[in-house]
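*Asks:* Before I ask anything, let me first share the structure, which is written out below as structure tokens.
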Amino acid sequence: MIYSEQKPWEEITSYLRRGEKVFVLGCGGCAAASGSGGEEQVGDLSRRLTEEDWIVTGTRVIELLCNKGLVGIRLARKSNQIEEADSILCACCGIGVQAVSKLVDIQVHPANDTVSMGYFHGTWPSEESCERCGECLLDYTGGLCPLTLCAKGLLNGACGGSHDGECEVEPGRPCGWELIYKRLKEVDRLDLLSTYNDPKPREKYEGEPDMDRRNSLFWAIEAEEEWER
Amino acid sequence: MSGFRKKISRGELVVTCEAGPPKGTNIEKTLVELDAIGDLIDAFNVTDQQSSVMRVGSLAVSHRIKEMGYETVYQVTCRDRNRIALQSDLLSADVLGLENVLALTGDYTTLGDHPHAKPVFDLDSPQLLAAIEDLNSGRDMEGNELKGATNLFPGAAVNPGADPLEPQVYKTKMKANLGAKFFQSQAVYDPELFINFMKELRRAEVTEPVLVGVLPLKSPGMAKFMNENIAGAYVPGEVIEELERAANPVEKSLEISGRIIEETMSHCEGVHLMPMGWERHVPKILEISGIN
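Keeping their order, the protein sequence lines are chains A and B. In this text, residue positions in the first sequence follow numbering that gives the first Met the number 0: the first is 0, and each later residue adds one. In this text, residue positions in the second sequence follow numbering that gives the first Met the number 0: the first is 0, and each later residue adds one.
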């Protein structure tokens, strides 16, 4: 179970440019169980955005945003609303943001910070990975995580050690920051390379979910059953 | 204010020379070699466990060089120290009278002679520059007041051979915004490539002085090795052929280095020499370049 919390509203809206059209996407898996990405939260996000004059082209909650195959099929049914959008706001963990980012050619904004894996590494494991830093910066990096893709975990651009796009650390490993550069270029957001990211607050790393939730791997299911009762 | 800082701030040409601390405590030989060329340059740039090989520290060696009457650029990397240790070392540098600092990310740990070490990288080079600015303003990174601020003069590295170049320009601009007062480049062998990089920097309104990096090639083999393994160090084929054909490869290498300085000098504000054991040839390179 991956525990995520919604970011402060000011941070979410700071990602959006004036007049930006947004599609709001939630995750019916861990994020719904965390209370940060289910129908209720997606509805709230959409309502608040509309109230503050952003245009919401549509919303959807998909069972597991980490499952790219499933997400691709589900999103295809909403293709008109996604084509109309400039970006997608994802209410889910860092894995989900990265997975969705691989499927679309527009900017994907994280609405949540990933706090903890709750001792369980992913629901639909794939190549995306998240360090649970508790302060998601995927918005600045085109939906690619510099903490896990860059061997040194640098937050402000490449170290200069890569050779022909390959990391100095391991042959065959691509330079994470070169991938980020290419992605930002693709979504026409190279301006984000000017953003200075402060050093990470280490105390937020792998924080803990609430006491009553952290003891069970399957509390997502339990929480769901409780809700149905 | 250090002479290096004064000169570079006034826009005068400066020459720095890399000084690599040895592995072990016998540093007298290194100091004697540096002493022989000390009067030809503005500052010795002391490396911090270069290539992730464990050696005597840049802080101690910078201090010893300063005691000899020369100026230094104290290099600091983020590889081995977290933000507490980095800030503490910077305070120590100030206490020892060191002023010029070069803020670097650092090579990865596995590239050196202690591949089992834990890589730190708590900060990256822009964040280290921000930390230096904090210490200069009398506060630490957490905003706590210091009993005495530092008077550090920070610089940073640039890679003119980076491919793609665009993110390198963005990062350089970010470093300048965070207080980098000068830049030194990685080794340059293609003056045209460097001049183009300088144009891109100026177009992005990065106006800080830049020192062109010059590392003499010791053999054609070294040039080929660098092309295959060193990031951004591109040695053009003509240069390698020139070295291969030369009757006296050492003379030719010095001539190439001098020529690179000569051809780039009107586009930048100085030179950063990396003799890597060829300290004795530094006078000749400078003579050929015509800048001294």
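Ideal placement from N, C-alpha and C gives every residue a C-beta, glycine not left out.
What separation, rounded to the nearest whole angstrom, lies between the Cα atoms of ILE260/B and ARG47/A?
*Replies:* Locating residue 260/B in the second sequence gives position 261, where the first residue counts as 1. Locating residue 47/A in the first sequence gives position 48, where the first residue counts as 1. Computed Cα separation, rounded: 60 Å.
*Asks:* For a contact meaning CB atoms closer than 9 Å, what does TYR195/A contact in chain B?
*Replies:* Along the first sequence, read from residue 1 onward, the residue named residue 195/A stands at position 196. What TYR195/A touches in chain B: PRO125, GLN126, ALA129, MET173, ASN176, LEU177.
*Asks:* According to DSSP, is ARG115/B helix, strand or coil?
*Replies:* Residue numbering aside, residue 115/B sits at position 116 when the second sequence is read from its first letter. Checking the sequence shown, residue 115/B turns out to be His, not Arg. HIS115/B: coil per DSSP, three-state reduction.
*Asks:* Mind listing the chain A neighbours of GLY231/B? Cutoff is C-beta to C-beta under 7 Å, in chain order.
*Replies:* Within the second sequence, the letter at position 232 stands for residue 231/B. Ordered by position in chain A, the residues that pass the 7 Å Cβ test against GLY231/B are GLY159.
*Asks:* At what residue ranges does the region 137-163 of chain B contain a whole run of the alpha helix (DSSP H), taking only runs of 4 or more?
*Replies:* none
*Asks:* Does the distance from the C-beta atom of GLY142/A to that of ARG182/A stay below 8 Å?
*Replies:* Working through the first sequence from its first residue, we reach residue 142/A at position 143. Working through the first sequence from its first residue, we reach residue 182/A at position 183. A contact, by the Cβ cut-off of 8 Å.
*Asks:* Would PRO170/A pass as an interface residue toward chain B - the criterion being a Cβ-Cβ separation below 8 Å?
*Replies:* Residue numbering aside, residue 170/A sits at position 171 when the first sequence is read from its first letter. False, the Cβ-Cβ gap to chain B never drops below 8 Å.
*Asks:* I'd like the ranges of any beta strand (DSSP E) spanning at least 3 consecutive residues and lying wholly in the region 62-119 of chain B.
*Replies:* 71-76, 99-103
*Asks:* What is the C-beta distance between SER294/B and VAL213/B, in whole angstroms, given that I count them as a contact (C-beta under 8 Å)?
*Replies:* Outside the shown range of chain B, which is 0 to 291, sits residue 294/B, and nothing can be said about it.
*Asks:* Pairs of beta-carbons, one from the region 83-91 of chain B and one from the region 22-33 of chain B, closer than 8 Å: are there three or more?
*Replies:* no
*Asks:* Chain A partners of LEU110/B, CB-CB under 7 Å?
*Replies:* In the second sequence, counting from the first residue as 1, residue 110/B sits at position 111. Neighbours of LEU110/B on chain A, chain order: GLU167.
*Asks:* Would you call GLY160/A buried or exposed, if buried means 16 or more other Cβ atoms sit within 10 Å of its Cβ?
*Replies:* Taking the first sequence and counting its residues from 1, the one referred to as residue 160/A is at position 161. Per the 10 Å Cβ criterion, buried.
*Asks:* Counting only beta-carbon atoms, is TYR188/B nearer than 8 Å to chain A?
*Replies:* If you number the second sequence from 1, residue 188/B lands on position 189. By this cut-off, TYR188/B is not an interface position.
*Asks:* By Cβ distance, which residues of its chain are closer than 7 Å to VAL244/A, with the 5 residues on each side in sequence left out?
*Replies:* This structure cannot settle anything about residue 244/A, because the visible part of chain A is limited to 0 through 228.
*Asks:* Tell me the rounded alpha-carbon separation between CYS297/A and ASP43/A.
*Replies:* Lying before the first or after the last residue shown, residue 297/A is absent from chain A, which here runs from 0 to 228.
*Asks:* Tell me which same chain residues have a C-beta within less than 8 Å of the C-beta of GLY10/B, skipping the five on either side of it?
*Replies:* Within the second sequence, numbered from 1, the residue matching residue 10/B stands at position 11. Here the set comprises PRO208, GLU268.
*Asks:* Determine the direct distance from the alpha carbon of GLY28/A to that of GLU19/A, and round the result to whole angstroms.
*Replies:* For the purposes of this step, residue 19/A is taken as residue 20 along the first sequence, with counting starting at 1. For the purposes of this step, residue 28/A is taken as residue 29 along the first sequence, with counting starting at 1. Their backbone Cα atoms lie some 27 Å apart in a straight line.
*Asks:* Strictly below 7 Å CB to CB, what residues from chain B border ALA31/A?
*Replies:* As a position in the first sequence, residue 31/A is number 32, starting the count at 1. By Cβ distance, chain B contributes nothing, its closest Cβ being about 35 Å from ALA31/A, past 7 Å.
*Asks:* Pick out whichever of PRO198/A, VAL186/A, GLU4/A has its Cα sitting closest to the Cα of ILE105/A.
*Replies:* Within the first sequence, numbered from 1, the residue matching residue 105/A stands at position 106. When each option's Cα is compared against that of ILE105/A, the closest is VAL186/A.
*Asks:* Which residues of chain B have a Cβ atom closer than 7 Å to the Cβ of LEU192/A, listed in chain order?
*Replies:* Along the first sequence, one-based indexing puts residue 192/A at 193. Here the neighbours are PRO166, TYR169.
*Asks:* List the endpoints of the continuous alpha helix (DSSP H) containing ALA222/B.
*Replies:* Counted from its first residue, the second sequence places residue 222/B at position 223. Looking at the DSSP string, the run of the alpha helix (DSSP H) that includes ALA222/B is 219-228.
*Asks:* Just the C-alpha distance for LYS117/B and PRO200/A, rounded to the nearest angstrom, thanks.
*Replies:* Numbered from 1 along the second sequence, position 118 holds the residue referred to as residue 117/B. Numbered from 1 along the first sequence, position 201 holds the residue referred to as residue 200/A. Their Cα atoms are separated by approximately 19 Å.
*Asks:* Suppose contacts are defined by Cβ-Cβ distances below 8 Å. Is VAL157/B in contact with ILE131/B by that definition?
*Replies:* In the second sequence, residue 157/B corresponds to position 158, counting from 1. In the second sequence, residue 131/B corresponds to position 132, counting from 1. One thing to note: VAL157/B has its Cβ no nearer than 8 Å to the Cβ of ILE131/B.
*Asks:* Please confirm whether GLY175/A and CYS129/A have their CB atoms less than 8 Å apart.
*Replies:* Residue mapping note: residue 175/A aligns to position 176 of the first sequence, counting from 1. Residue mapping note: residue 129/A aligns to position 130 of the first sequence, counting from 1. 8 Å or more divides the Cβ of GLY175/A from the Cβ of CYS129/A.
*Asks:* Rounded C-beta distance between LEU320/B and SER124/B? I'm assuming under 8 Å.
*Replies:* Since the first and last residues shown for chain B are 0 and 291, residue 320/B lies out of range.
*Asks:* Along chain B, in chain order, which residues have C-beta atoms closer than 7 Å to that of LEU64/A?
*Replies:* The residue labelled residue 64/A in the question sits at position 65 within the first sequence. Against chain B, a Cβ distance below 7 Å from LEU64/A picks out nothing, because the smallest value is about 28 Å.
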